[in-house]
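K.L.:
Quick one: the structure is below, and I'll ask about it shortly.
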Amino acid sequence: VGIVLALLAGCSTPPDYFHTLRPAAAPVPAPSAPRDASRVLAIGPVTVPDALARDEWVVRTGDTGERVYDHQLWTQALSADVAQSLMDYLNRGGLPDGLWADAGPTGSGSGADLEHPAPLRLRVQVLRFDSILAPAPAVGDQVRWTLECLPSDATLGPVDAGRYRVVRTAVRDAAEPAPAADAGVEASQQRFDRVARAHSETVRLVAQDVAAALQ
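Quick note, the working numbering runs 27 ahead of the 1-based positions in the sequence shown.
This is the structure in structure tokens:
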């Protein structure tokens, strides 16, 4: 019996661990008046490389290799997590008075969630999202963001309308060691926690860039 139990224990499935880019909840002052739909910054669409469109973590190994960690998971689609994280960081401060970011009821990152069209839209392309565990936890991120303003003149041709729509576009690069892990995270998970925190910091910097452009 003891041998059977030992074999079963050896074959047990490892636990799943979930990670998010979203910052921890912080008190946000309630708006003094109903939010104006004409002062919305819509978040999305957010696109990610095909290899990252999965729940499991994809970790860079060496110059050309990648490894999938089946039990290290994002809490939701990476595009949705980026969209909601941007919304969180933007709404914490830095946006012009009266403007607020919204990823829609489901926050899917598709850019099609809002009930009413927004005058401003933040389109995001995640170009690189490298998670590195060895020799030390680090990230290599590259994010292109574009602010778009929908043209109010329906008579504009597609070329003029396209020129009017792009307000600002830029690329944010972040390749750096990961910060320290949360002390409350178990030792086996600290290197993953560090990488998740570093990716979240990239999203915060993108939000900072966007807020500065809007100012």
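Just so it is clear, CB atoms sit at the ideal spot from N, CA and C, and this is done for glycine as well.
For clarity, every value in this text was computed on a predicted model and none was experimentally measured.
Would Val73 pass as a contact of Arg148 if the rule is Cβ separation under 9 Å?
P.N.:
Not in contact: Val73 and Arg148 (Cβ atoms no closer than 9 Å).
K.L.:
Measure the alpha-carbon distance for Leu160 versus Leu154 and round it to whole angstroms.
P.N.:
C-alpha separation (whole angstroms): 20 Å.
K.L.:
Gly120: buried (16+ other C-beta within 10 angstroms of its C-beta) or exposed?
P.N.:
Classification of Gly120: exposed, given that the 10 Å Cβ count is below 16.
K.L.:
Starting from Leu147, follow the beta strand (DSSP E) in both directions and report where the run begins and ends.
P.N.:
Residues 147-159.
K.L.:
Starting from the C-beta of His46, find all residues in its chain whose C-beta is less than 8 Å away, skip the five residues before and the five after it, and write them out in chain order.
P.N.:
So the list reads Trp84, Gln99, Leu100, Trp101, Thr102, Phe219, Asp220, Ala223, once near-sequence residues are dropped.
K.L.:
What does the alpha-carbon distance come out to for the pair Ala51 and Ser227?
P.N.:
Roughly 11 Å separates the two Cα atoms.
K.L.:
Using a Cβ-Cβ cut-off of 7 Å (strictly less than) and excluding sequence neighbours within five positions of Ser106, which residues of its own chain qualify?
P.N.:
Val73, Thr74, Val75, Gly136.
K.L.:
Below 8 Å CB to CB, which residues in the same chain sit around Asp236 once its five sequence neighbours on both sides are set aside?
P.N.:
If we look at Asp236 and ignore the five residues flanking it on each side, its Cβ neighbours are Trp172, Ala197, Arg199.
K.L.:
Pull up the distance between the alpha-carbon of Leu241 and that of Ala201, whole angstroms please.
P.N.:
So the alpha carbons of these two residues sit roughly 21 Å apart.
K.L.:
Using DSSP's beta-bridge definition, name the partner residues of Leu68.
P.N.:
Leu68 pairs with Ala128, Leu147.
K.L.:
Contact check, Ser158 vs Arg87 under 8 Å by CB: the rounded distance?
P.N.:
Contact holds; Cβ gap of about 6 Å.
K.L.:
Within a Cβ cutoff of 6 Å, which residues of the same chain sit near Ala145, ignoring the five residues on either side of it in sequence?
P.N.:
Val67, Ala69.
K.L.:
Distance check for Leu174 and Arg192, CA to CA, integer angstroms please.
P.N.:
Their backbone Cα atoms lie some 8 Å apart in a straight line.
K.L.:
Between Ala130 and Ala110, which are expected to be in contact by the criterion C-beta below 8 Å, what is the C-beta distance as a whole number of angstroms?
P.N.:
Ala130 to Ala110, Cβ: 5 Å. Contact.
K.L.:
Asp124 to Val230, Cα distance in whole Å?
P.N.:
Approximately 22 Å, taken between the alpha carbons.
K.L.:
Judging by CA-CA distance, which residue of Gly138, Met114, Leu113, Asp82 is the nearest neighbour of Ala104?
P.N.:
The shortest Cα separation from Ala104 among Gly138, Met114, Leu113, Asp82 belongs to Asp82.
K.L.:
Given this structure, state the Cα-to-Cα distance separating Val233 from Asp108, to the nearest angstrom.
P.N.:
One C-alpha to the other measures close to 14 Å.
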